[in-house]
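To start, the structure under review is shown below, and the notes come after it.
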Amino acid sequence: MILAIGVDLASATRFEGALDRAEDGGFESPLARRCFSEEELRYAEAKADPAQRLAAAYAAKEALAKAVLSASGKASLDFRRFHLSHTPAGSPFFVDNEALQIIKDELGVSRVHVSVSHEGNRALAFVVLEA
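If you read the sequence shown in the working numbering, its first letter stands for residue 772, the second for the next number, and so on.
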């Protein structure tokens, strides 16, 4: 049974420069530090279109937040606590870490489905919470 859905559209332009490095080697952008895990940032850095990859990850997290809001009324998530990863074939999924498990337990979610697509300057994500 579907408990909730969420969708989001993000512009890659917003994430251009997010992977700029400071002198100490850390990420300079407050947006990068506030929204993405180190693994997500490394994944994006390894791709030819890193801003597009970050836009897709951001859209997925926004879509997750909207689905959680729809199911529970909770208005915000700490994006750094949720990690979007990919199967060897490239399919996206949220890592089943402590933060995601708390949401699953609180809402009675058995699976979190996520799909992302990107073309040009836009990335779209769709999340389904399943009981």
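Ideal Cβ placement from N, Cα and C applies to all residues, glycine included.
What you are looking at is a predicted structure, and each value in this text was computed from that prediction instead of being measured.
So, at 7 Å on beta carbons, what are the nonlocal neighbours of residue i in its own chain, with the 5 sequence-adjacent residues on each side left out?
{"i": "serine 782", "result": "Ala826, Asn892, Arg893"}
{"i": "leucine 878", "result": "Leu774, Ala842, Ser843, Leu900"}
Could you tell me which residues DSSP puts in a beta bridge with residue i?
{"i": "leucine 878", "result": "Its beta-bridge partners do not exist; DSSP assigns none."}
{"i": "glycine 777", "result": "Val898"}
From this set, the options, which residue's C-alpha is nearest residue i's C-alpha?
{"i": "proline 801", "options": "Ser847, Arg851, Gly844", "result": "Arg851"}
{"i": "alanine 789", "options": "Ser808, Ile776, Lys845", "result": "Ser808"}
{"i": "phenylalanine 853", "options": "Leu840, Asp779, Asp867", "result": "Asp867"}
{"i": "aspartate 791", "options": "Asp779, Leu780, Arg804", "result": "Arg804"}
{"i": "valine 885", "options": "Ile873, Ser862, Asp876, Leu871", "result": "Ser862"}
{"i": "lysine 875", "options": "Ala836, Thr858, His889", "result": "Ala836"}
{"i": "arginine 785", "options": "Ala815, Ala822, Gly777", "result": "Ala822"}
Skipping 5 residues on each side, what residues in its chain have a beta carbon closer than 6 Å to that of residue i?
{"i": "methionine 772", "result": "Ala902"}
{"i": "alanine 828", "result": "Glu811, Leu855"}
{"i": "alanine 896", "result": "Asp779, Ala830, Ala831, Ala834, Val887"}
Would you verify that the beta carbon of residue i is, or is not, closer than 7 Å to some beta carbon of chain D?
{"i": "proline 859", "result": "Chain labels in this structure do not include chain D; a single protein chain is all it has."}
Near residue i, what residues of its chain come up, given a Cβ to Cβ distance below 8 Å and the 5 sequence neighbours on each side ignored?
{"i": "glutamate 890", "result": "none"}
Open item on the list: Ignoring anything shorter than 3 residues, give me the beta strand (DSSP E) runs that lie fully in the segment 809-869, in order along the chain.
Closed with: List check, beta strand (DSSP E) in window: 855-857, 863-865.
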